[in-house]
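Asker: Right, I'll just put the structure down here and ask away after.
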Amino acid sequence: MNGATSGYATIDNVSPGISNLTVDGFGSTASTATSSVHLTSLPGLAVTHEYAPATNSPDALFRSLVTITNSTGADVTDLKYVRGRTNGVTVPIPRFVF
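Under numbering that gives the first Met the number 0, residues 0 to 97 are what the sequence shown spells out, in order.
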């Protein structure tokens with residue numbers, strides 16, 4: 000695979016939208032959330048985000064576990080994953096790029 004394949008989802012004010020991502024699933028409880036997506040143009044490359052209260056500070060922090068799965072059968076080289084955040088904003092602004 001080359002570096003030309005990418006995908007993102009964002010709700011920021013600069014470039015809102017979704018590009019080349021397909022949602023595989025979403026689930027949540029009162030304190031957790033799990034989201035799974037894959038690249039639309041490369042279905043074997045998937046990202047799962049799992050959010051839960053942090054064990055060391057469950058009333059103040061959340062843990063984010065990101066799992067990237069490659070079931071394409073090909074080697075992935077030069078993989079980049081970016082997750083941005085904005086300080087001081089009460090509404091979460093997720094941005095996922097891979």
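From the three backbone atoms N, C-alpha and C, an ideal C-beta is built for every residue, glycine too.
All figures in this text were calculated on a predicted structure; none of them were measured in a lab.
Could you work out which residue in Val65, Ser5, Pro15, Ala45 is closest to Ala32 when comparing CA atoms only?
Answerer: Val65
Asker: Secondary structure at Ala109, three-state DSSP: helix, strand or coil?
Answerer: Shown here, the chain extends from 0 to 97; a query on residue 109 therefore has no answer.
Asker: Quick one: Cα of Thr21 to Cα of His48, how far?
Answerer: 14 Å
Asker: Among residues of its own chain, excluding the 5 on either side of Phe25, which ones have a beta-carbon nearer than 8 Å to its beta-carbon?
Answerer: Ala32, Thr33, Ser34, Ser35
Asker: Indicate whether Thr68 and Ala53 have their beta-carbon atoms separated by less than 8 Å.
Answerer: no
Asker: In terms of residues, what are the limits of the beta strand (DSSP E) holding Asp74?
Answerer: That residue, Asp74, is in no beta strand (DSSP E); it is neither H nor E in DSSP.
Asker: According to DSSP, simplified to helix, strand and coil, what is Thr21?
Answerer: strand
Asker: Could you give the distance in angstroms between the alpha-carbon of Thr126 and the alpha-carbon of Gly43?
Answerer: Any property of residue 126 remains undetermined from this structure, which presents the chain solely from 0 to 97.
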